[in-house]
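Visitor: Protein chains in written order, with the numbering used here: chain S, 163 to 386; chain B, 163 to 386.
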DNA sequence: TCGATCGCTATACATGCGAGTAGCGTCCTA
DNA sequence: TAGGACGCTACTCGCATGTATAGCGATCGA
């Protein structure tokens with residue numbers, strides 16, 4: 163990642179250019195545009211990868227690997243990123259934008275990203291509840307999946323409102339979003355939204371009356 | 163809407179077929195497929211609308227109009243739909259799926275839908291705060307926009323995980339999602355997530371130290 | 001020094017799309 | 001009943017894309 167672009171082999175340059183193009187313009191970006199960005203000819207894509215699908219697969223794998231690496235090296239669990247733990251560096255920015263686009267597009271790559279984050283967040287959440295930092299839930303897994311869907315979804319929607327993201331300075335775009343979402347997130351997570359418990363209690367007693375003992379599990383595996 | 167399909171003119175049949183196709187398969191659906199679904203030839207699209215873009219625009223306008231109508235006639239503000247107030251009928255289901263796809267795709271149509279919902283929710287929110295139902299926010303508009311982005315975004319992500327939505331029974335898909343999201347939503351809105359106020363207070367005192375008096379307004383107009 | 005492999009380019013298909021044109025039948029009207 | 005507008009279809013064109021093939025030139029080992 164920190165290697166100068168000129169030092170990379172054509173294959174790697176093509177892969178990195180594809181990641182940037184996909185992140186900035188979407189996965190429908192043409193092979194010719196990707197090749198132009200990499201400074202090579204279009205035919206080289208086929209030479210190295212055989213088909214566009216394979217190039218895409220390698221991009222997905224690379225992004226996931228880099229995301230995990232970047233996450234491990236800076237084990238930041240700052241409060242604002244509890245359920246959307248993302249690095250805000252320039253390198254991290256493009257990774258997140260790529261991931262958001264994958265989720266937005268649907269398909270297996272997006273599913274994998276989401277599942278990966280849910281698994282990570284579930285681990286963190288169980289621990290945080292045990293340490294008394296988070297309020298416990300009646301269905302921990304359903305809550306975590308829901309919170310991830312909300313957090314990622316809010317970013318997806320926010321970015322979808324913009325016609326095209328700038329090719330450079332992904333980090334700045336991220337910072338803008340964080341600044342916008344920080345206060346509402348902290349307010350909601352700290353003070354909630356309802357002033358009374360009646361809606362929740364009503365739902366709980368309603369569900370207790372059904373033959374569905376663990377409330378809220380209906381359709382739980384919907385996103386799998 | 164309740165008119166039998168055979169009674170409609172070709173133009174209306176094309177428009178309704180396009181709405182269904184767009185909702186089920188996305189906006190890249192070909193004119194030929196839409197025409198086939200409407201039971202007419204592909205050239206008729208051009209005859210009536212001139213170009214695909216115009217057909218799309220008419221679909222957008224129709225969906226928004228029907229959504230507003232359906233919303234007005236059933237002024238339901240049940241707690242679970244506070245910030246994603248949607249009808250769950252069959253007709254309402256396809257409208258919501260269409261809207262979700264518009265948002266997911268980005269562009270002006272999605273923006274309009276979001277802005278419309280934000281405006282509606284802001285009105286409701288101000289009133290609910292005044293009536294003591296909702297906890298007040300330090301920045302009401304930012305919170306509303308954020309909650310809408312979260313609510314819609316969660317649905318977008320959830321639906322994006324599915325390769326293709328069923329052409330029929332949009333309502334059932336909606337019900338599955340509600341069943342999945344209800345408990346976490348009520349828990350979060352009622353009990354919050356953090357056990358202590360320290361994260362929020364820390365952020366507030368930090369923002370008070372900057373020259374940015376109304377905390378959380380940075381990048382507020384990002385989604386416009 | 002030979003030659004073979006490798007990285008890469010240029011060019012040529014095949015396909016699917018939106019858009020455009022010509023013409024046929026039908027219904028409404030004068 | 002003749003005429004014309006309208007709804008609609010069949011066919012064609014240009015364009016962009018992914019895919020495929022042929023060939024060039026350099027590097028490296030025998």
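All C-beta atoms in this analysis are idealised placements derived from N, C-alpha and C, irrespective of residue type, glycine included. For clarity, every value in this text was computed on a predicted model and none was experimentally measured.
Counting C-beta neighbours from all protein chains within 10 Å, is the total for residue 364 of chain B 16 or more, i.e. buried, or is it exposed?
Guide: Translated into positions along the second chain, residue 364 of chain B becomes position 202. That one is exposed.
Visitor: Please state if the CB of residue 256 of chain B and the CB of residue 332 of chain B are separated by a distance shorter than 9 Å.
Guide: Here the question's residue 332 of chain B lines up with position 170 in the second chain. Here the question's residue 256 of chain B lines up with position 94 in the second chain. Yes, these two residues count as a Cβ contact at 9 Å.
Visitor: Does residue 366 of chain S come out as helix, strand or coil in the three-state DSSP assignment?
Guide: Against the first chain, residue 366 of chain S aligns to sequence position 204. If DSSP states are grouped into helix, strand and coil, residue 366 of chain S belongs with the helices.
Visitor: Please report how far the alpha carbon of residue 273 of chain S lies from the alpha carbon of residue 273 of chain B, in whole angstroms.
Guide: Here residue 273 of chain S refers to the residue found at position 111 when the first chain is read from its first residue. Here residue 273 of chain B refers to the residue found at position 111 when the second chain is read from its first residue. Between residue 273 of chain S and residue 273 of chain B, the C-alpha separation is close to 25 Å.
Visitor: Which residues in chain S sit within 7 Å of residue 266 of chain B, going by Cβ to Cβ distance?
Guide: Position 104 of the second chain, counted from the start, is the residue given in the question as residue 266 of chain B. Near residue 266 of chain B (Cβ distances below 7 Å), the residues of chain S are 266, 322.
Visitor: Buried or exposed: which applies to residue 289 of chain B, given that a residue is buried once 16 or more other Cβ atoms fall within 10 Å of its Cβ?
Guide: Indexing the second chain from 1 puts residue 289 of chain B at position 127. Its Cβ having fewer than 16 others within 10 Å, residue 289 of chain B is exposed.
Visitor: Quick one: using the 10 Å Cβ neighbour count with 16 as the cut-off for buried, is residue 234 of chain S buried or exposed?
Guide: Position 72 of the first chain, counting from 1, holds the residue named residue 234 of chain S. It is exposed - the Cβ of residue 234 of chain S has fewer than 16 other Cβ atoms within 10 Å.
Visitor: Would the stretch 192-206 of chain S and the stretch 273-282 of chain S be scored as touching if the rule is three or more Cβ pairs under 8 Å?
Guide: They do not touch, by the three-pair rule.
Visitor: Take the Cβ of residue 287 of chain B as the centre, count every other Cβ of all protein chains shown within 10 Å, and call the residue buried at 16 or more, exposed below.
Guide: Looking up residue 287 of chain B in the second chain gives position 125. Classification for residue 287 of chain B: buried.
Visitor: Run through DSSP, which three-state label would residue 296 of chain S get?
Guide: Here residue 296 of chain S refers to the residue found at position 134 when the first chain is read from its first residue. Strand, per DSSP.
Visitor: Using a beta-carbon distance below 9 Å, is residue 284 of chain S in contact with chain B?
Guide: As a working note, residue 284 of chain S is residue 122 in the first chain. No - not a single Cβ of chain B is within 9 Å of the one on residue 284 of chain S.
Visitor: Using the beta-carbon of each residue, which ones in chain B are nearer than 7 Å to residue 351 of chain S?
Guide: Here residue 351 of chain S refers to the residue found at position 189 when the first chain is read from its first residue. Residues of chain B passing the Cβ test: 354, 355, 356.
Visitor: Distance check for residue 304 of chain S and residue 355 of chain S, CA to CA, integer angstroms please.
Guide: Counted from its first residue, the first chain places residue 355 of chain S at position 193. Counted from its first residue, the first chain places residue 304 of chain S at position 142. Each residue's alpha carbon lies about 19 Å from the other.
Visitor: Use the C-beta contact count for residue 254 of chain B: other C-beta atoms within 10 angstroms, 16 or more gives buried, fewer gives exposed.
Guide: Residue 254 of chain B sits at position 92 when you count from the first residue of the second chain. Buried, because 16 or more other Cβ atoms sit within 10 Å of the Cβ of residue 254 of chain B.
Visitor: Start and end of the alpha helix (DSSP H) containing residue 332 of chain B?
Guide: Stepping through the second chain from its first residue, residue 332 of chain B is reached at position 170. Note, residue 332 of chain B: alpha helix (DSSP H), 332-353.
Visitor: Alpha helix (DSSP H) containing residue 317 of chain S: first to last residue?
Guide: Residue mapping note: residue 317 of chain S aligns to position 155 of the first chain, counting from 1. Where residue 317 of chain S is concerned, the enclosing alpha helix (DSSP H) stretches over 302-322.
Visitor: Closest Cβ-Cβ distance between residue 177 of chain S and chain B: below 9 Å?
Guide: Position 15 of the first chain, counting from 1, holds the residue named residue 177 of chain S. No, because no Cβ of chain B sits closer than 9 Å to the Cβ of residue 177 of chain S.
Visitor: Closest by CA to residue 341 of chain B, which one among B:361, B:207, B:221, B:317?
Guide: Working through the second chain from its first residue, we reach residue 341 of chain B at position 179. Considering only alpha carbons, the answer is B:317.
Visitor: For residue 324 of chain S and residue 265 of chain B, what's the separation of their Cα atoms in angstroms?
Guide: For the purposes of this step, residue 324 of chain S is identified with residue 162 of the first chain, where counting begins at 1. For the purposes of this step, residue 265 of chain B is identified with residue 103 of the second chain, where counting begins at 1. Looking at the two C-alpha atoms, the distance is approximately 11 Å.
Visitor: 9 Å is my cut-off, CB to CB: does residue 297 of chain S come that close to chain B?
Guide: In the first chain, the residue the question calls residue 297 of chain S occupies position 135. Yes, contact with chain B.
Visitor: Going by DSSP in three states, residue 286 of chain B sits in which element: helix, strand or coil?
Guide: Against the second chain, residue 286 of chain B aligns to sequence position 124. Of the three classes helix, strand and coil, the one that applies to residue 286 of chain B here is helix, per DSSP.
Visitor: Pull up the distance between the alpha-carbon of residue 230 of chain B and that of residue 222 of chain B, whole angstroms please.
Guide: Along the second chain, read from residue 1 onward, the residue named residue 230 of chain B stands at position 68. Along the second chain, read from residue 1 onward, the residue named residue 222 of chain B stands at position 60. Their Cα atoms are separated by approximately 12 Å.
Visitor: Can you name the residues that DSSP bridges to residue 356 of chain S?
Guide: On the first chain, residue 356 of chain S is found 194 positions in, with the first residue counted as 1. Partner(s): B:296.
Visitor: Please list the terminal residues of the continuous alpha helix (DSSP H) segment that includes residue 197 of chain B.
Guide: Here residue 197 of chain B refers to the residue found at position 35 when the second chain is read from its first residue. Residue 197 of chain B -> alpha helix (DSSP H) spans 193-200.
Visitor: Hey, would you say residue 310 of chain S sits closer than 9 Å to residue 280 of chain S, going by beta carbons?
Guide: By one-based count along the first chain, residue 310 of chain S stands at place 148. By one-based count along the first chain, residue 280 of chain S stands at place 118. Yes; because the gap between Cβ atoms is below 9 Å, this pair is in contact.
Visitor: Are the beta-carbon atoms belonging to residue 226 of chain S and residue 177 of chain S less than 9 Å from one another?
Guide: Here residue 226 of chain S is taken as the residue at index 64 of the first chain, counted from 1. Here residue 177 of chain S is taken as the residue at index 15 of the first chain, counted from 1. Their beta carbons are not under 9 Å apart, which means residue 226 of chain S does not touch residue 177 of chain S by this criterion.
Visitor: Report yes or no: is there a C-beta of chain S within less than 9 Å of the C-beta of residue 380 of chain B?
Guide: Position 218 of the second chain, counted from the start, is the residue given in the question as residue 380 of chain B. Caution is warranted here: a pLDDT of 41 is assigned to residue 380 of chain B, below 50, making its placement in the model unreliable, and the coordinate value is therefore given only provisionally. Chain S contact via Cβ: present.
Visitor: CA-CA distance, residue 192 of chain B and residue 292 of chain S?
Guide: Numbered from its first residue, the second chain carries residue 192 of chain B at position 30. Numbered from its first residue, the first chain carries residue 292 of chain S at position 130. C-alpha separation (whole angstroms): 53 Å.
Visitor: Between residue 295 of chain S and residue 357 of chain B, how many whole angstroms is the CB-CB distance? I'm expecting something under 8 Å.
Guide: Here residue 295 of chain S is taken as the residue at index 133 of the first chain, counted from 1. Here residue 357 of chain B is taken as the residue at index 195 of the second chain, counted from 1. Sure, about 6 Å apart at Cβ, within 8 Å.
Visitor: In whole angstroms, give me the CA-to-CA distance for residue 220 of chain S and residue 210 of chain S.
Guide: For the purposes of this step, residue 220 of chain S is taken as residue 58 along the first chain, with counting starting at 1. For the purposes of this step, residue 210 of chain S is taken as residue 48 along the first chain, with counting starting at 1. Roughly 11 Å separates the two Cα atoms.
Visitor: Please check the pair residue 300 of chain B and residue 345 of chain S, which I expect to be a contact at CB under 8 Å, by giving their CB distance rounded to whole angstroms.
Guide: Walking along the second chain from the start, residue 300 of chain B turns up at place 138. Walking along the first chain from the start, residue 345 of chain S turns up at place 183. Sure, about 6 Å apart at Cβ, within 8 Å.
Visitor: Between residue 361 of chain S and chain B, is the shortest Cβ-Cβ distance under 9 Å, so that the two count as touching?
Guide: Residue mapping note: residue 361 of chain S aligns to position 199 of the first chain, counting from 1. Yes, residue 361 of chain S counts as interfacial toward chain B.
Visitor: Pull up the distance between the alpha-carbon of residue 203 of chain S and that of residue 260 of chain S, whole angstroms please.
Guide: Against the first chain, residue 203 of chain S aligns to sequence position 41. Against the first chain, residue 260 of chain S aligns to sequence position 98. Their backbone Cα atoms lie some 24 Å apart in a straight line.
Visitor: Are the CB atoms of residue 314 of chain B and residue 306 of chain S within a distance shorter than 9 Å?
Guide: The residue you call residue 306 of chain S lines up with position 144 of the first chain. The residue you call residue 314 of chain B lines up with position 152 of the second chain. No.
Visitor: If you follow the alpha helix (DSSP H) that residue 190 of chain S is part of, which residue opens it and which one closes it?
Guide: Here the question's residue 190 of chain S lines up with position 28 in the first chain. Segment: none, residue 190 of chain S is in no alpha helix (DSSP H) and carries neither H nor E.
Visitor: In three-state DSSP terms, what is residue 264 of chain S?
Guide: By one-based count along the first chain, residue 264 of chain S stands at place 102. Here residue 264 of chain S sits in helix by DSSP.
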